[in-house]
Each structure stands twice: as structure tokens, then as C-alpha cells.
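Below you'll find the structure, written out as C-alpha cells, and then a few comments.
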């Protein structure tokens, strides 16, 4: 598989994910329509679908077909989207733009944005519990447990709490690592583990997928920090320099841009090596590590 | 079983629930502590634990022991508590008091209250997926699906959306019924169904439990509406007359207090009859219907 083949792999998987998301989200005219419209607005806002594709790629790396993994892929994207909606609220980061469009609460108001986020989080677990009968129910319960833990108060939410508390405080690498490994890393790690668990991975394969997810997740967030400084609005869809203006705990604030780039490069190399250890079916995961390193938005 | 026996049944079950809630919630010093403290603050705020007790009573009505149902009982109380925290936020009802104490965001700030609610919702599904192996996993997945649907955009959240939209609008009985049957009724109905499903109810028993839950849920919300007008702060812990001041869609606003009382009485009588049809093990459910009708807070 070459880089051009990765592009077509990503395009095909993204298409599967888009269709599954549309199938699993109630139509926008479902009563009461305003909250369903807000859910659609934020879910179909041009996201890259990195997380659901990681679920599929992890399952495929251990021999599964992508289709039975689609409910889990949708669940992680619902959770990712809910976390963005709540994170953008005035009580949190108070962001007006996301992916180049007004944020959910700018369009639908704070109350509906709050409830649309709640509804997406809830829907994630409804959809996960509807996984086809070809997958043993014990595996689905294990995946549910792991997804909930990764999104909870000692995972994604814990990362958001520490991120907010750290604003304007002196930045330490220890704190930045905690924030990144929880706020972003926890759900990305869960994507790899969910794909593995549902795809029938052995414990050794699952350990490789887990370490891959940890390396890729941290690399992804470091490149995000760097793009906030060096990125172009037309590609990132976000106003630049926001992190620095807010005194956010970031890698460049801690180590500078160059050392941050180097760290991201090392992590992606590590992820690539872990993917190679998983064998030929993990080739998309290997190439995805390079893709994350080169990303512009 | 007499009314005094109901009191001791409720006290014993409440004790089981309290212990299970404390076991299933991370301790308040768990990192990051502020969000765990906020979760504890709202969860241990003197709630009656009606919903978790309904889960246990429904399971017991179909022959289950209460203990295996405790994770599900905790899950519904986590969801109920999250919904109160979010409902009290300034962007929603903007309430300063709940059960006689300052609301979560008055103590911990809006951002932490928002995240504590998110964390309780997430924890509900984590705990539900940890149900003991004595219950078949297919039943747990069915319970997960039903709980998520009852709490989602076409259940509890849908009710909150329509409730907000209805504020200050002309009140119709149709709209009040939609709000009550979704905002409150949906989760109460789910309590009965979860207890039944996990407890091994047959479809006929499950249908009786479902209708009981629907009748009791609506009766509960009507008595809540009435207490907002006639209740005593020392017993309700809430400021009275708030619904009317806000132009909330309520039963008394629609039918007056007396006709609302009569409706609640009819619903509780119906619930009692449904419980009797379930047989002697459903006696606590039968007496609970009378308990809801007489409640003062």
C-alpha cells in the first residue's frame, strides 16, 4: 500500500462512516426538530472522521470486516462531536467558530447546544448496544465499558477539567502530557481498543493497538498545538494563536515549536513500528501515522 | 404488606442504593478532584432515590433478588442527577436552589457543573455494562439500549427541549402530556422496564410493568406540578410558584389544581391495579402508587 492507496482507503472508509452516521442519527425533522437539527449541524460539519476510521482500521488489522464495526465507529464520532459542542460553550472555551463555521450554540443557542451534546453522548451508547449479533455480546459489553471509561471523569472529561484549570498557569510538561493523554488521547486510544476488542484481537494484538493509539493520540494533539501557531485558517477552519492568547497548556508553550515537531515525529515513528508488528493487515494504520504527522488541518 | 411495611421496604432499599452509589462513584479525591467533588455534591443531595428503588421493585416483582439490579439502579440515578445539574444551568432553567441547597453550578461554577453532568451520564453506561455475570449479556445490552433511548433526544432530552420552547406559550394539554411523558415519564418507565428485563420478566409481565411506569410517571409529575403551587419549601426544598412565574406548561395551568389532583388519583389507582395484576411480589409497587399520590416533597 502506497500513500496514494492510503488516500483511497481513507476515502472509502470515510464514505462508509458518513453513511452509517446518517443511518444512526434520527432525521433532522424528528420531533422535536430543533435539537435534531443541531445534532446534524455539528455532526456533519466536515470532520475528518479520523476516530471512526481508526476503529475500522484497528478491527481490520486483526482480521475483521469493516461493516460490523460501524456502530462502534459511529459511537466514537458521536462522543467526539458532543465533546466539541460542550467545549465550545461560553462557560467553557467560548469559541465562535469550529471548522470554519459558527459553533453550535452560535446558531441554535446555548440551551439547545447543551442538549444536542447530551443527546449525542447518549446516542453513542444506544448505537453501540445495537451492534449486529455476529459479534458476541460479551465483547460489546467490554467495548461499552472501555468507551465509557475513556470518555468519563478519569478520561476525556478529566482532561478537559485539567485543561481549563491550567489556563494562565505556569506550563509543565507533566501537566501538558496529562491534558493531552486524557482530553484527546483517551478517546483515540479507545478507538483502537474498540476496533480490536470487537474485531476479536488476542491480548497481544490488543496491547500493540493500545500502544499505537497512545503514540498516535499524543502525536495528533501535538500537531494540533503546532497548527494553532503555524496553521492557515483556510485549512484548519480555526482562528490561529488562540491557545497562546489564552495561556493554554500546549507542547510548543512547553518545548517550543521545533522540539514539539521532533516529539511528534518520534511518536509517529513509534506508532508506525507498532503497526508493522501487527502484520500486513495493519498497513493502513502504519500509513496513518505518517498522515497525522503531515496534516495541515 | 401494610403502609408501615412499605416504609421499611423503602428504607432498606434506599440503604442498598446509597451503598451501591457510593461504591460505583469514584471517591471525591480522585484526580481531578473538583469534578468528582461536584458529582458527589449533586448525587448525595438528599434525593429520595425513587427511580433506583423502582428498578429494584420491578425486578423483585418478577422474582429477582435486588442485588444484581443495583448497577442498573445506580445508572438511572446517575442519569437523573445529570439531568437535574444540566437543567439547573443558567442557559437552561437558571435555578439557584435544588433540594434546599445551592445548585451544582452555584458551588462549582458553570463549567465544572456542565462536566460533572456529562461525567454522570457517561458513568451510567459504564456501570450498567459492569452488571454481574449472573445476568445474561443479551439482557444487559437490551437494558442499555432502552436506557439510552429513554434518556435521549426522543425521550428525556426531547421533553426538556419542548418544555423550554413551551415557556410563556399558550398551554395545551397535548403539549403538557408530551413534556411530562418525556421529561419525567420516559426515565421512570425505563426504570420499570430495566428492572423487568434484567430480572427476567416475560413479555406479558413487561407490558404490565411498562403501563405501570407510564401511569406512575405521569402521576409523579402532576403531583410535582401541584407541589410547586401548594408545597412547603421546608419539605420540597424548592422555591414555590416558580412554574407559574415562568409560564411553564403544567397540569394545574391547564386543568386547575383540583382536576389535576383527580387525574393524579386516577393514574395512581390504575398503577395500583396493574401492580396487583403482577401478583404478590409486586406489592411494594402497588403501595408505591399510593405513596406518590400522598407525597409532600
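Chains as they are written, first to last, in the UniProt record's numbering: chain V, 1 to 297; chain G, 1 to 297. Heads up, the beta-carbon is just placed ideally off N, CA and C, and yes, glycines get one too.
- 105, 109, 110, 111, 112, 113, 114, 115, 116, 117, 118, 119, 120, 121, 122, 123, 124 and 125: these are the residues of the region 102–125 of chain V whose beta carbon lies less than 9 Å from some beta carbon of chain G, given in chain order.
- The secondary-structure analysis by DSSP pairs residue 98/V across a beta bridge with 101/V.
- Excluding its 5 nearest sequence neighbours in each direction, residue 86/G has C-beta neighbours in its own chain below 6 Å: 117, listed in chain order.
- Taking the beta carbon of residue 35/G as reference, the chain V residues within 8 Å of it are 153, 157, 158 and 161, listed in sequence order.
- Secondary structure at residue 114/V: helix, using DSSP grouped into helix, strand and coil.
- One Cα belongs to residue 133/V, the other to residue 28/G, and the distance between them is close to 39 Å.
- Contact holds between the region 266–280 of chain G and the region 218–234 of chain G, because three or more Cβ pairs, one in each stretch, are under 8 Å apart.
- Taking the CA atoms as reference points, residue 71/V sits about 44 Å from residue 244/G.
- For the pair residue 156/V and residue 115/V, the CB atoms are not nearer than the 9 Å cut-off.
- A distance below 9 Å separates the beta carbons of residue 180/G and residue 251/G.
- Here residue 42/V carries a helix assignment [DSSP, helix/strand/coil].
- Contact residues of the region 130–146 of chain V toward chain G are 130, 137, 138, 140, 141, 144 and 145 (C-beta to C-beta distance below 7 Å).
- Proximity of the region 199–215 of chain G to the region 159–167 of chain G falls short of the contact definition, fewer than three beta-carbon pairs being nearer than 8 Å.
- Flagged as an interface residue toward chain G: residue 91/V, by a C-beta distance shorter than 9 Å.
- Taking 9 Å as the CB threshold, residue 68/G stays off the interface with chain V.
- Below the 8 Å Cβ cutoff, chain G contributes 126 as neighbours of residue 149/V, in chain order.
- Contact between residue 264/G and residue 287/G does not hold, since the beta-carbon distance rounds to 16 Å and is not under 8 Å.
- In the assembly as shown, residue 233/G is an exposed residue. Its beta-carbon has fewer than 16 other beta-carbons within 10 Å.
- For residue 24/G, the uninterrupted alpha helix (DSSP H) segment begins and ends at 3–24.
- Per DSSP, reduced to three states, the secondary structure at residue 64/G is coil, with no helix or strand assignment.
- If you compare the alpha carbons of 54/G, 284/G, 228/G and 200/G with that of residue 62/G, the shortest gap goes to 200/G.
- Spatial neighbours of residue 38/V in its own chain (CB-CB distance under 7 Å, excluding positions within 5 residues in sequence) are listed in chain order as 104, 108, 112, 113 and 116.
- Residue state for residue 286/G is assigned as helix, using DSSP reduced to three classes.
- Taking the beta carbon of residue 86/G as reference, the chain V residues within 7 Å of it are 114 and 118, listed in sequence order.
- Here the region 141–151 of chain G makes no contact with the region 90–101 of chain G; the two share fewer than three CB pairs at distances below 8 Å.
- Taking the Cβ atoms as the reference, residue 168/G lies roughly 4 Å from residue 247/G, within the contact range of under 8 Å.
- Under the 9 Å criterion on CB atoms, residue 82/G is classed as interfacial with respect to chain V.
- Residue 47/G sits close to residue 77/G, with the two beta carbons spaced by under 9 Å.
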